[in-house]
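Participant:
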Amino acid sequence: MSASSAAADTASSTAQLLRQQGNVAFGSSRWLEAANLYTRAIEDLSRGDVSAASSKEDLAALFSNRAAARIKLFQLDLALLDAAAAKLLNPTWSRPLAREAEAHLVLQDHSAARASYTAAARLAEDDATRTRFTTSATSAAASLDAQGASLFGEAEAAVTFAERYDNYVKAGGDPEKDELVSAATAVYAWTTAAKALEQLDDKLDVKESGEVEASSPSPVLDLADAIITDARGFHVPKGKSHELPLSEKLRLQLAWDARVLELDQYLKPATVPRDVIDSFDEQVQREGWQKPKIALAHLIRGSFVAAYVNQIQLRAVEAASQYRFVLGLLSEGRARWQDVAEEDKGSTFRFTFERKVKMHLIDTLVDGHFRSSTPDERARFPLLEVQGLAEQLMDDCNSEKAPHDPVSTFAFQVQPVVSAGKAFAYALRTRAALPEHRIEFVAGHWINCGLSKAAARMYATAGQLLPRDDPEKAVNLFNSLAFDLRGGGVTFDQLFARATEAEAALEPPEEIFGPSPRLFDSRQLVRHACACARDSLVAHLPARLSASAFQLVIKPVPAVFPDRLPTGRERWEDCLEPELRCDLPGDLAVAEFVEASGRS
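Position one of the sequence shown corresponds to residue 15 (this note's numbering), numbered consecutively onward.
1. Please list, in chain order, all residues of the same chain as E170 whose beta carbon is under 7 Å from its beta carbon, the five residues on each side excluded.
2. Alpha carbon to alpha carbon, how far is S413 from C589?
3. Measuring straight from C-alpha to C-alpha, what distance separates A518 and I291?
4. Hey, quick one: how far does the alpha helix (DSSP H) through E332 stretch, first residue to last?
5. What do you reckon, are the CB atoms on R452 and W460 nearer than 8 Å?
6. I'd like to confirm the pairing. Which residues does DSSP put opposite E454 in its beta bridges?
7. If you compare alpha carbons, which of K359, Q279, D271 is closest to G316?
8. Given D549, which residues of its chain have a CB within under 8 Å of its CB, disregarding the five upstream and five downstream residues?
9. Quick one: what's got a C-beta closer than 8 Å to R364's C-beta in the same chain, skipping five residues either side?
10. Residue range of the beta strand (DSSP E) that V571 falls in?
11. Please state whether DSSP places G167 in a helix, a strand or coil.
12. Are the Cβ atoms of K487 and G503 separated by less than 8 Å?
13. Pick out the complete alpha helix (DSSP H) segments inside the segment 63-121, 4 residues or longer, and give them in chain order.
14. Starting from the C-beta of A83, find all residues in its chain whose C-beta is less than 7 Å away, skip the five residues before and the five after it, and write them out in chain order.
15. Grouping DSSP H, G and I as helix and E and B as strand, with all else coil, what is L602?
16. DSSP three-state call for E262: helix, strand or coil?
17. Measuring CB to CB, does A513 end up less than 8 Å from D96?
18. Using 8 Å for Cβ pairs, my map puts F395 next to L379. What's the rounded Cβ distance?
19. Assign V250 to one of three DSSP states: helix, strand, or coil.
20. Note down, in chain order, each residue of its chain lying with its Cβ closer than 7 Å to the Cβ of S422, except the 5 sequence neighbours on either side.
21. Determine, using beta carbons only, whether A154 and Y179 come nearer to each other than 8 Å.
22. Tell me the DSSP secondary structure of T388 in three-state form.
23. Within this structure, are the beta carbons of A469 and L442 separated by less than 8 Å?
24. Can you list, in chain order, the residues of its chain with a C-beta nearer than 7 Å to that of L559? Leave out the 5 residues immediately preceding and following it.
25. Among residues of its own chain, excluding the 5 on either side of V220, which ones have a beta-carbon nearer than 8 Å to its beta-carbon?
26. Under a Cβ-count criterion, where at least 16 other Cβ atoms within 10 Å of its own Cβ denotes burial, should L218 be classed as buried or exposed?
27. Chain C beta carbons: is any one of them nearer than 8 Å to that of L281?
28. Out of curiosity, what's the CA-to-CA distance linking L533 and L407?
29. Might you give, ordered along the chain, the residues of its own chain that have their beta carbon closer than 8 Å to the beta carbon of D563, omitting 5 neighbours on each side?
30. From E139 to V604, what does the alpha carbon distance come to, in whole angstroms?
31. Grab the span of the alpha helix (DSSP H) containing F492 for me, first residue to last.
32. Counting along the chain, where does the alpha helix (DSSP H) carrying P287 start and finish?
33. Should P570 and L539 be called a contact, given that it needs their Cβ atoms to be closer than 8 Å?
34. Using 10 angstroms around the beta-carbon of L596, count the other beta-carbons present and answer buried if the total reaches 16, otherwise exposed.
35. Quick one: residues in its chain with C-beta nearer than 6 Å to the C-beta of S60, no 5 flanking neighbours on either side, listed in chain order?
36. Distance, Cα to Cα, L268 vs D216?
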């Protein structure tokens, strides 16, 4: 036996042993260990002569096995590369196509999954395998159809996550052990809101004369507490009366509170918060705190609830105005009565309440600006105000910490910091896209790379701060990666690693909050960039990809408008001036295509 043959046999034996160890690790759900063992086996086997059919089959099996492990680790792009390598090494084997389909299913790309399963069924080695793949293809087709179904309404969704959480606890789940901080906070708020709304439904009634009978103190006080803690807990069921739905009862209760407590005089459009506080301060000097404490609580909390109702109904101008009024009352009141005990002036003046009102105002201004279509509309939601409030919120959170229990920390520390960070990111991305900051070409433009990457950093921080079970965590991670792609300089390795982190973050919230959305702009851009990077690497397969291949850099990603492409030019790159094309840093050109109706 020649030295080369002996070395090849040794490599094959070592690879087989590593493969067996990898299979054991995989069977014990030690996914990372399994993937590493398969990698070592691939490296050992690749050192020998792999031209023989048997060697190619062995190598294909290793790539297929590693793909399976990587799917479990959410390394879905690497898994798809492994499946592609296995297909090239053993093109008549059905398993690589099935691995490809499994990765697409985790990505919820049901169309691609159906196509891969259908192709796998055509290559199936026996009837049982063909039936299994055909069934999987049919299931993927059904999932594709289901993607078009409408989502639950807001109230139904709130009930659903509360019921899921309740079932999880009844089944022996431990929210603290499983780190379900976000879910626990939302359910606490939902429970508080449910009790307040039940009291409202039971106590408020309208007589035949039209006179309203309501309870005092108002259930709106507790409803405000629920929204302040976590607005995801807010929901308004239909109620027990068909003639008087609960939403109308809430409106009547707010009006009744204002009339009975003589608050109407303070709810006029031109009212100045300082004047209101002056008026109550005079009353305190005359009568003491008992009546002013009750009236102030109803005025501030009732106005806050009314503002939130406007916010969720997308009446951003009205909501912002009401939030500013409430914030003014809280700010003036806290300054005026800073030496007054909370027992006297009431818990409404706690710093945590004011902090969350500020957060809601920021969110309303950002949403209003985003939804505006003209400069005049956007002027009603000034970004300078957004940035100023965000800075104040950051300073508040740094100077005065919320209570240390998990719910309070998440509700009054993490959520406000995340909101402020997202507001900064929104201001940066908006500035990056201004005409004076863009680089234009005939079919599209690049936004300002520096500002885009600054926005990416803010989104990344928001994503890292949120707990693992929060649905917004993945959205912020995808936003961060998308704006880094627009800014340029992202390597293939960084792209795949960060896409893995973001995809993995979609799953934990689903246990309580239900299916995470996936059809949003930043994720679509990330998936497109990943597909482009994979396609460029597949050309080098089935050879083992070197580490340097993953250090290739994606060029800054422009927004391209297909309807602007000149006649005869099908590729956006053909629209670039030669100097601009040469000046773009990086190795792979990727574009984000924007249709007239929005991003594609």
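Glycine included, C-beta positions come from ideal geometry on N, C-alpha and C.
Facilitator: Working from what's here:
1. Here residue 170 refers to the residue found at position 156 of the sequence shown. Unreliable placement is indicated for E170, whose pLDDT of 49 sits below 50; the coordinate value is still reported in the next sentence. The beta carbon of E170 sits closer than 7 Å to none of the beta carbons in its chain outside the five residues before and after it.
2. What you label residue 413 is simply residue 399 of the sequence shown in a count that begins at 1. What you label residue 589 is simply residue 575 of the sequence shown in a count that begins at 1. When rounded, the distance between both Cα atoms is 52 Å.
3. Sequence index remark: in the sequence shown, residue 518 carries index 504 (1-based). Sequence index remark: in the sequence shown, residue 291 carries index 277 (1-based). When the Cα atoms are used, A518 and I291 turn out to be separated by approximately 50 Å.
4. On the sequence shown, residue 332 is found 318 positions in, with the first residue counted as 1. Counting along the chain, the alpha helix (DSSP H) containing E332 begins and ends at 330-350.
5. Residue 452 sits at position 438 when you count from the first residue of the sequence shown. Residue 460 sits at position 446 when you count from the first residue of the sequence shown. The Cβ atoms of R452 and W460 sit closer than 8 Å to each other.
6. The residue you call residue 454 lines up with position 440 of the sequence shown. DSSP output for E454 lists H459 as bridge partner(s).
7. By 1-based counting over the sequence shown, the position of residue 316 is 302. Ranking the options by Cα distance to G316, first place goes to D271.
8. Position 535 of the sequence shown, counted from the start, is the residue given in the question as residue 549. Cβ neighbours of D549 beyond the five flanking positions: none.
9. Position 350 of the sequence shown, counted from the first residue, corresponds to residue 364. The residues are E356.
10. Position 557 of the sequence shown, counting from 1, holds the residue named residue 571. No beta strand (DSSP E) holds V571; DSSP gives it neither H nor E.
11. Walking along the sequence shown from the start, residue 167 turns up at place 153. Any reading at G167 must be qualified, since the residue scores a pLDDT of 41, below 50, and its modelled position is unreliable; the value itself is stated next. Coil at G167, not helix or strand.
12. Counting from 1 along the sequence shown, the entry for residue 487 is found at position 473. Counting from 1 along the sequence shown, the entry for residue 503 is found at position 489. Cβ distance not < 8 Å, so K487 and G503 don't count as in contact.
13. Runs of the alpha helix (DSSP H) spanning 4 or more residues and lying entirely within the segment 63-121 occur at 67-86, 90-103, 109-120, in chain order.
14. Locating residue 83 in the sequence shown gives position 69, where the first residue counts as 1. Once the five neighbours on either side are set aside, the close Cβ partners of A83 are F40, W45, A48, A49, Y52.
15. Numbered from 1 along the sequence shown, position 588 holds the residue referred to as residue 602. Note: L602 maps to strand in three-state DSSP.
16. The residue labelled residue 262 in the question sits at position 248 within the sequence shown. Helix.
17. Within the sequence shown, residue 513 is the residue found at index 499, counting from 1. Within the sequence shown, residue 96 is the residue found at index 82, counting from 1. Their beta carbons are not under 8 Å apart, which means A513 does not touch D96 by this criterion.
18. Your numbering for residue 395 matches position 381 in the sequence shown. Your numbering for residue 379 matches position 365 in the sequence shown. Between F395 and L379, the beta carbon gap of about 5 Å places them in contact (Cβ cut-off 8 Å).
19. Counting from one through the sequence shown, the residue named residue 250 turns up at place 236. Annotated three-state conformation of V250 is coil, per DSSP.
20. On the sequence shown, position 408 is the one that residue 422 refers to. Cβ neighbours of S422 beyond the five flanking positions: A416.
21. Within the sequence shown, residue 154 is the residue found at index 140, counting from 1. Within the sequence shown, residue 179 is the residue found at index 165, counting from 1. Not closer than 8 Å, so no.
22. Against the sequence shown, residue 388 aligns to sequence position 374. Three-state result, T388: coil.
23. Residue numbering aside, residue 469 sits at position 455 when the sequence shown is read from its first letter. Residue numbering aside, residue 442 sits at position 428 when the sequence shown is read from its first letter. Yes.
24. Numbered from 1 along the sequence shown, position 545 holds the residue referred to as residue 559. Counting only Cβ-Cβ distances below 7 Å, and skipping sequence neighbours, we find L551.
25. Within the sequence shown, the letter at position 206 stands for residue 220. Closer than 8 Å at Cβ, skipping near neighbours: V226, E227, L258, L266.
26. To locate residue 218, count along the sequence shown from 1; it is residue 204. It is buried - the Cβ of L218 has at least 16 other Cβ atoms within 10 Å.
27. Considering every chain present, this structure includes no chain C. It has just one protein chain.
28. Mapped onto the sequence shown, residue 533 falls at position 519. Mapped onto the sequence shown, residue 407 falls at position 393. Looking at the two C-alpha atoms, the distance is approximately 31 Å.
29. Translated into the one-based positions of the sequence shown, residue 563 becomes position 549. The sequence shown places Ala at residue 563, not Asp. For A563, where only same-chain residues beyond five positions count, the Cβ hits under 8 Å are F506, L551, H554.
30. Locating residue 139 in the sequence shown gives position 125, counting from the first residue. Locating residue 604 in the sequence shown gives position 590, counting from the first residue. Here the alpha carbon of E139 sits roughly 39 Å from the alpha carbon of V604.
31. In the sequence shown, residue 492 corresponds to position 478, counting from 1. Where F492 is concerned, the enclosing alpha helix (DSSP H) stretches over 485-501.
32. One-based indexing of the sequence shown puts residue 287 at position 273. Run containing P287: 287-301, per the alpha helix (DSSP H) assignment.
33. What you label residue 570 is simply residue 556 of the sequence shown in a count that begins at 1. What you label residue 539 is simply residue 525 of the sequence shown in a count that begins at 1. For P570 and L539, no; Cβs fall outside 8 Å.
34. For this step, residue 596 is matched to residue 582 along the sequence shown. What sits at residue 596 in the sequence shown is Cys, not Leu. Counting C-beta atoms within 10 angstroms of its own C-beta, C596 has fewer than 16 neighbours from the protein chains shown and is therefore classed as exposed.
35. Within the sequence shown, numbered from 1, the residue matching residue 60 stands at position 46. Excluding positions up to five away in sequence, the list reads R558.
36. As a first step, residue 268 is located in the sequence shown; it is residue number 254 there, counting from the start. As a first step, residue 216 is located in the sequence shown; it is residue number 202 there, counting from the start. The straight-line gap from Cα to Cα measures roughly 16 Å.
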